[in-house]
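Asker: Numbered according to this note's numbering, the sequence shown spans residues -13 to 360.
Positions of the beta carbon are idealized from the N, C-alpha and C atoms, including for glycine.
Since the model is a prediction, treat every value here as computed from it, not as a measurement.
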Amino acid sequence: MLLSDLAHQPQEENRGGAALNLSWLQPMGLFELSAYNYVMRILTLGVYHFWGKTEVRKRIWSATRINGEPLEYIGTGRELFLGFIVIFGVFMLPILLGSFAIALAIGPHSRWLGVFQLGLYTLFFLLVGVATYRAQRYRLSRTRWRGIRGSLVGDSWHYGLTHFWTGLLIPLTLGWIIPWRSTKLQSLVVRDMRFGDKPFTFDATTGPLYLRFALLWVGSVAIMSVATSVIMGVVMADIGQFRPYQQRIATITPGAIAVIILVAIVAYLLYAVVSAWYRAGQINHFAAHTQFDGATFRSRVTAGGLMWLTVSNFLIVLFSLGMLVPVAQTRAARYYIEHLTIGGAVALDGILQGPDQYITKGEGLAQAFDVDAF
């Protein structure tokens, strides 16, 4: 729908509220911005990354319109940069130096070094969840619409612990906890979200996801089993496993390598088909069970759409050597926005500014662990 159409569309009154119309206005100058960010990152040895990311977000946020009015992103590159410096200086660097000192003190082959490293990896995994939550909280606190900002009011450590212990159960359950885990983590985030002083609600259950996940699980096992068998057969035949010992060749020929690569690509594409079907169902399910005041959400993403988006964005980034990452990010945002509709009505005049929870450390922890979701 064009913005001109929205401007002339009367606001639907329902229970004293206004209908919300979500639309997208394509930002201009993305290729120029991509090239500029790419060159500046090279010239500044990566330091400009934080300012470039901020400018991309401002373009994407402003392209997202509700009733014709754009979202506003008010974060700064300086915040992200200082947040990263703080985390690197007080956390990452001491751990790296401490690990090096311990390895020198007890020896690289000591079993206690292995115990220390295991504890370190465990801590990292815990902090990934904390960083993920804090990154989302930062972005929401820097998002405004009609002067009202968003927020995430929960405890990042509670989310991090849940992310941690449910992650440990993934191998123990052979992956079958994944739908329940995803729903649990989504619930923690959405129920902590606020726009102004109004909360979001989330009432999704896991049951509807398990049929899709069962097909994904069975399909993944079948694809992996067949691909592994074919690759092992090619390798063993190529090195002469079925020939007399004296005639065996210990190297793999280029032809066999080509076959292995082809099998791996086919297996990946087949997995992408099955997983896209599950991901589309999960996204639509979560959207359908999210509410804000009197508004409901409906997502219409499809497996085919997600596959095309993923593959085309991958090729865009690959063949541009990473320069067009902002273009790929914008295409992804546009797809999700254009396939999301808002029903019901919201009493906009009744939304007040929420408590000031302005976070000044940016996404330093998220940057340190490279888990920034957007």
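Can you check whether the CB of N299 is closer than 8 Å to the CB of D317?
Answerer: Note on identity: in this sequence residue 317 is Arg, with Asp being the wrong assignment. Closer than 8 Å, so yes.
Asker: Which word fits M14, buried or exposed, when buried means at least 16 other C-beta atoms lie within 10 angstroms of its C-beta?
Answerer: Result: exposed.
Asker: Whole angstroms are fine: how far does the CA of I243 sit from the CA of M179?
Answerer: Taking the straight line from one Cα to the other gives about 50 Å.
Asker: Are the Cβ atoms of G146 and G105 separated by less than 8 Å?
Answerer: Cβ distance not < 8 Å, so G146 and G105 don't count as in contact.
Asker: Measure the alpha-carbon distance for S173 versus W166 and round it to whole angstroms.
Answerer: About 10 Å.
Asker: According to DSSP, simplified to helix, strand and coil, what is G308?
Answerer: Reduced to three states, the DSSP call for G308 is coil.
Asker: By Cβ distance below 7 Å, which residues in the same chain neighbour Y264 in space, the five residues on each side in sequence not counted?
Answerer: Within the same chain, Y264 has close Cβ partners R198, F199 and L202.
Asker: What residue does the beta strand (DSSP E) around I52 start on, and which one ends it?
Answerer: Segment T50 to I52, the beta strand (DSSP E) holding I52.
Asker: Taking 8 Å as the cut-off, does the segment 90 to 103 touch the segment 23 to 30 (at least 3 CB pairs, one atom from each stretch)?
Answerer: Counting Cβ pairs under 8 Å, fewer than three are found: no touch.
Asker: Spell out a yes or no on whether the segment 249 to 263 and the segment 143 to 162 are touching, meaning 3 or more CB-CB pairs, one atom from each, closer than 8 Å.
Answerer: In short, these stretches do not touch, since the Cβ pair count stays below three.
Asker: Could you tell me whether the segment 59 to 66 touches the segment 43 to 50, where touching means 3 or more Cβ pairs closer than 8 Å?
Answerer: As far as the Cβ criterion goes, the segment 59 to 66 touches the segment 43 to 50, which means the pair count is three or higher.
Asker: Once DSSP output is grouped into helix, strand and coil, what is the label at W162?
Answerer: W162 falls in the coil class under three-state DSSP.
Asker: Hey, G182 and Q339: beta-carbon distance below 8 Å or not?
Answerer: In this structure, Q339 lies closer than 8 Å to G182 by Cβ.
Asker: Pull up the DSSP beta-bridge partners for E18, would you.
Answerer: Per DSSP, none; premise fails for E18.
Asker: Could you check where the beta strand (DSSP E) with L338 kicks off and where it finishes?
Answerer: Unbroken run through L338: none, as it is neither H nor E.
Asker: Unbroken beta strand (DSSP E) runs of length 3 or more, entirely within the segment 281 to 331: which are they?
Answerer: Fully enclosed beta strand (DSSP E) runs of 3 or longer: 281 to 285 and 326 to 330.
Asker: By Cβ distance below 7 Å, which residues in the same chain neighbour T310 in space, the five residues on each side in sequence not counted?
Answerer: The amino acid occupying residue 310 in the given sequence is Leu; Thr does not appear at that position. Taken in chain order, the residues that qualify are S20, I302 and V303.
Asker: So is D279 buried or exposed if we call it buried at 16+ other beta carbons inside 10 Å?
Answerer: Buried is the call here.
Asker: Assign I73 to one of two classes, buried (16 or more other C-beta atoms within 10 Å of its C-beta) or exposed (fewer than that).
Answerer: I73 comes out buried.
Asker: By DSSP, does R135 sit in helix, in strand, or in coil?
Answerer: Here R135 sits in strand by DSSP.
Asker: Along the chain, which unbroken stretches of the beta strand (DSSP E) at least 3 residues long are found entirely within the segment 170 to 210?
Answerer: DSSP runs (the beta strand (DSSP E)) wholly in the segment 170 to 210: 179 to 181 and 184 to 188.
Asker: Give, in chain order, every unbroken run of the beta strand (DSSP E) that is at least 3 residues long and sits entirely within the segment 44 to 79.
Answerer: You should have 50 to 52.
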